[in-house]
Structure formats: structure tokens, C-alpha cells
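S.K.: Per my numbering, the very first residue in the sequence shown carries number 16; after that it's consecutive. Even glycine gets a Cβ: it sits at the ideal position worked out from N, Cα and C.
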Amino acid sequence: MTAEEIIDKLQLQPHPEGGFYKETFRSGLSVGDYRLGTAIYFLITQDNVSHFHRIRQDELWFHHYGATIDIHVLEDGKHEVTRLGMLSSDAEPYRIVPKNTIFGSSLSENETGFALVSCVVIPGFEFRDFELFTTAELLADFPDCEMIIRKMTRE
Numbered sequence: 016m017t018a019e020e021i022i023d024k025l026q027l028q029p030h031p032e033g034g035f036y037k038e039t040f041r042s043g044l045s046v047g048d049y050r051l052g053t054a055i056y057f058l059i060t061q062d063n064v065s066h067f068h069r070i071r072q073d074e075l076w077f078h079h080y081g082a083t084i085d086i087h088v089l090e091d092g093k094h095e096v097t098r099l100g101m102l103s104s105d106a107e108p109y110r111i112v113p114k115n116t117i118f119g120s121s122l123s124e125n126e127t128g129f130a131l132v133s134c135v136v137i138p139g140f141e142f143r144d145f146e147l148f149t150t151a152e153l154l155a156d157f158p159d160c161e162m163i164i165r166k167m168t169r170e
């Protein structure tokens, strides 16, 4: 299948951080002002990455189909990468992004096409907790990470 076929079949919509998504689950149970959990399908392509952002909740990523993904994390003044994909020496099919982490995702180097994942957020995702970063904001805190920041942000 192509990215366009999956976008159509799963009825994915553009996500503010980049990529395409559809919410598939929102728990009927609540914890305070939050649902217990939420889940989405999420698809990125070579030209449509998940730009650097942060949420207040833990996020679990599950690889379903397509290319290997690099999950880019900015923390303690540096850039770190973990791989999400088919089980291999450098990739795992499941990753956790801890709450309050600045991160984004892109297809791994030398990968083409697209990747389809599911993201589960606990407690549930709310757009009020979503923070999308600009290049200038991140360069102020991570000056040694300019190359990846320019790739993974919008001006």
C-alpha cells in the first residue's frame, strides 16, 4: 500500500505537528480532567515529519507498517535518537517517550516512503497540553543541535 492509500483507508487528517492522524480511542474513564488514555493512528513520510513538540503525558509508540522511524529527543543540551521499526539490532517495535520530553520523529536515514504507527497517551491526550516549538525557541536552549533543530521545526 502507498501512504495515500493508507491515509484514505484509515481516514487520516493532517496533524498540527506534521504527519497524519486519526484518534481511534478515548477512554470512557477519567482521572481528574483527563481521560484515562487515548490512542491514534499516526503516519509520517519523508517530507512530512513530526516536528519538535512536547506534551505533559507519557506516550507509547507502536510500529505497524513501513519504514523505520528515528525518534529525536532534545534533553540536557543534546540530541539523542532511538529507532522504532521492525525488530533489529538498532530498532524495536515499541518505544516510550516520557512526559515533558521535547521530541519529534522522522524516517530513519536511507529510508523512503512512510511509516504507520499507533501512539497511546496516558493519561489521555488533550490539545491544551500540546506545545509545538519554533526554531528560535529551541536554538536558544540547544545551540549545539542546530542541524537537527532546523530539520525538525517550522520557522
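Report the rounded CA-to-CA distance for Phe-77 versus Ile-22, giving the unit in angstroms.
M.R.: Each residue's Cα considered, the two are about 18 Å apart.
S.K.: Is the Cβ-Cβ distance between Ile-163 and His-94 less than 8 Å?
M.R.: Yes, Cβ-Cβ distance for Ile-163 and His-94 is below 8 Å.
S.K.: Among the residues of its own chain, which have a CB less than 7 Å from the CB of Glu-161, if the five just before and after it don't count?
M.R.: Around Glu-161: Leu-154.
S.K.: Give me the Cβ distance between Glu-39 and Ala-54, rounded to the nearest whole Å; I'm assuming they're in contact under 8 Å.
M.R.: Checking the sequence, you will find Thr at residue 39 rather than Glu. Right, their Cβ atoms sit about 5 Å apart.
S.K.: Determine the DSSP secondary structure at Lys-114, reduced to helix, strand or coil.
M.R.: DSSP places Lys-114 in coil when its eight states are reduced to three.
S.K.: Tell me the residue span of the beta strand (DSSP E) that contains Thr-60.
M.R.: Run containing Thr-60: 53 to 60, per the beta strand (DSSP E) assignment.
S.K.: Check whether chain C comes within 8 Å of Thr-150, counting only Cβ atoms and requiring the distance to be less than that.
M.R.: The displayed structure is made up of one protein chain only, and chain C is not part of it.
S.K.: So for Arg-41, helix, strand or coil by DSSP?
M.R.: Strand.
S.K.: If you draw a straight line from the C-alpha of Pro-31 to the C-alpha of Thr-150, how long is it?
M.R.: So the two alpha carbons sit approximately 16 Å from each other.
S.K.: Compute the beta-carbon to beta-carbon distance between Leu-122 and Ile-59, rounded to the nearest angstrom, for a pair I have assumed lies under 8 Å.
M.R.: Right, the Cβ-Cβ distance comes to about 7 Å (below 8 Å), so this counts as a contact.
S.K.: Between which residues of its own chain and Gly-81 is the CB-CB distance below 7 Å, once the five residues before and five after are set aside?
M.R.: Hits under 7 Å: Gly-128, Phe-129, Ala-130 and Leu-131.
S.K.: Mind checking Leu-44: buried by the 16 CB within 10 Å criterion, or exposed?
M.R.: Classification of Leu-44: exposed, given that the 10 Å Cβ count is below 16.
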